[in-house]
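Numbering (the numbering used here), first residue to last: 611 to 1045. For glycine and all other residues, C-beta sits at the position ideal for the given N, C-alpha and C. One structure below.
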């Protein structure tokens, strides 16, 4: 590593070590799978690994959100990294848990668009970020804060990312190197790589293997692919940087062009051709002049409102066809049941069999058209939760965790994750005065 970079890196690491040993508050680590959050997670693992085993008492939770509409190549890379993190923490007793958080089915992208008829997101109606990314993390943090009291959240935000980011970070009060979270008053935010440049981040990632095994070459190649070109370590202003690559949902209609998706297609990921085409379809359906929107708003006022029932039917047909074409699950059975419920309550209500007819016609298989099945599932969950004396939400979290492990065909780490969920439930039941 270059001497200057080694000095900067050592200073950041020493600051984190002091915070680890001298401050008792548990840590949360935001992980998106991108270069900045990967560097922060690597630093956290280094600090925990370098601490004597008897002193590794600080609870650390790595938090990642899965919107279910992430770019496939990105989602696959994240899943692989999370698996390695779990294994490394368990092998070395680092006291680091890894949580992959998802929005509840009621707030999924497809339930909101095809079920409720929300128009695809735009800059002035960006409903997706709050529901699919922020809310799952907020829910988890509030559950933990109930028995932690306070926590420190480590993020990979850097001032060099944009002038807006720099102004936001500079404008927040700093106390002992930490800022208060704007929405979670008992959470303090740490930005350990705040003043690093993009080139310094890549220098660290490419010259140091990840503490959870493996290097960052695949991440580097992913950025290079998304940038549709090379992604060199910048040594002067004449060489380009891939620092502006942004990975998000393949369905994102907030931006005019999804350069990351286009770059991955150009680099050989053929799945992206079909996903990009569907994203363009969503953009067309958002435009009121294309006749896909009800011209009455939900409150009864004149103006572009939700997608019409017919438009929602069309989108569901297209989505199921896309799912078959690229051989990836894009929508879950529970989402289909919820969509049918919402169609029944729409301004132009469905007869209760629309979703089943579309699924049967598309797949050639039979789907129950009885939307009460979802209600019975919820009732069963309540009954089991009561018998086991746990909260129904806790049971749903455990079921979701089992599903997460089953999707990746692995079981290592599942018992510990389930015990952590039960511990949350037990701690939440204890009055604060008794903790």
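Start and end of the beta strand (DSSP E) containing residue i?
| i | result |
| --- | --- |
| residue 798 | 797-800 |
| residue 789 | 788-790 |
| residue 709 | 706-711 |
| residue 640 | 637-640 |
| residue 761 | 761-764 |
| residue 931 | Element bounds for residue 931: not the beta strand (DSSP E) but the alpha helix (DSSP H), 919-936. |
| residue 673 | 670-675 |
Please confirm whether residue i and residue j have their CB atoms less than 9 Å apart.
| i | j | result |
| --- | --- | --- |
| residue 672 | residue 651 | yes |
| residue 918 | residue 894 | no |
| residue 679 | residue 695 | no |
| residue 713 | residue 677 | yes |
| residue 765 | residue 640 | yes |
| residue 732 | residue 863 | yes |
| residue 746 | residue 711 | yes |
| residue 660 | residue 668 | no |
| residue 623 | residue 665 | no |
| residue 736 | residue 916 | no |
| residue 858 | residue 688 | no |
| residue 763 | residue 798 | yes |
| residue 861 | residue 730 | yes |
| residue 722 | residue 768 | no |
| residue 653 | residue 787 | no |
| residue 871 | residue 885 | yes |
| residue 888 | residue 932 | yes |
| residue 724 | residue 655 | no |
| residue 638 | residue 751 | yes |
Quick one: is residue i buried, meaning 16 or more other Cβ sit within 10 Å of its Cβ, or exposed?
| i | result |
| --- | --- |
| residue 835 | buried |
| residue 761 | buried |
| residue 820 | buried |
| residue 645 | buried |
| residue 926 | buried |
| residue 909 | exposed |
| residue 952 | buried |
| residue 823 | exposed |
| residue 865 | exposed |
| residue 805 | exposed |
| residue 1042 | Below a pLDDT of 50, predicted positions are generally treated as unreliable, and residue 1042, at 41, falls in that range; the measurement from the model is reported next regardless. Residue 1042 is exposed by the Cβ-count criterion. |
| residue 789 | buried |
| residue 913 | exposed |
| residue 961 | exposed |
| residue 854 | Its pLDDT being 47, under 50, residue 854 is placed unreliably in this model, and the value from its coordinates should be taken loosely. Exposed, since its Cβ has fewer than 16 Cβ neighbours within 10 Å. |
| residue 964 | buried |
| residue 603 | No answer is possible for residue 603: the residues shown for the chain start at 611 and end at 1045. |
| residue 868 | buried |
| residue 741 | buried |
| residue 813 | buried |
| residue 617 | exposed |
| residue 683 | buried |
Leaving out five residues on either side along the sequence, give the residues of the same chain with a beta carbon under 7 Å from the beta carbon of residue i.
| i | result |
| --- | --- |
| residue 648 | 815, 826, 829 |
| residue 1028 | 1008, 1011 |
| residue 807 | 770 |
| residue 921 | 895, 902 |
| residue 692 | 674, 708, 710 |
| residue 847 | Note that residue 847 has pLDDT 35, beneath the 50 cutoff, so the model's placement of it is unreliable and no number is given. |
Closer than 8 Å by C-beta to residue i: which residues in its own chain qualify, once you throw out the five before and the five after it? Chain order, please.
| i | result |
| --- | --- |
| residue 995 | 1001, 1002, 1004, 1005 |
| residue 1032 | 1000, 1004, 1008 |
| residue 701 | none |
| residue 992 | 1002 |
| residue 905 | 898, 912, 913, 914, 915 |
Does the ligand MN have a heavy atom nearer than 8 Å to the CB of residue i?
| i | result |
| --- | --- |
| residue 870 | The ligand MN is not part of the structure shown, which contains no ligands of any sort. |
List the endpoints of the continuous alpha helix (DSSP H) containing residue i.
| i | result |
| --- | --- |
| residue 816 | 808-817 |
| residue 891 | 881-896 |
| residue 734 | Unbroken run through residue 734: none, as it is neither H nor E. |
| residue 749 | 745-758 |
| residue 698 | 682-702 |
| residue 820 | Run containing residue 820: none; DSSP gives neither H nor E here. |
| residue 953 | 943-954 |
| residue 645 | 645-660 |
| residue 877 | Element bounds for residue 877: n/a, residue is neither H nor E. |
Within a Cβ cutoff of 6 Å, which residues of the same chain sit near residue i, ignoring the five residues on either side of it in sequence?
| i | result |
| --- | --- |
| residue 698 | 822 |
| residue 791 | 797, 799 |
| residue 585 | This structure leaves residue 585 out entirely; the chain is present only between 611 and 1045. |
| residue 945 | 715, 718, 720, 721 |
| residue 1022 | none |
| residue 956 | 919 |
Taking 8 Å as the cut-off, does the segment 742-758 touch the segment 955-971 (at least 3 CB pairs, one atom from each stretch)?
Between the segment 955-971 and the segment 742-758, the count of C-beta pairs closer than 8 Å stays below three; the two stretches do not touch.
Contact between the segment 875-887 and the segment 929-942 is defined here as three or more beta-carbon pairs at a separation below 8 Å; is this criterion met?
Contact between the segment 875-887 and the segment 929-942 is present, because at least three Cβ pairs lie under 8 Å.
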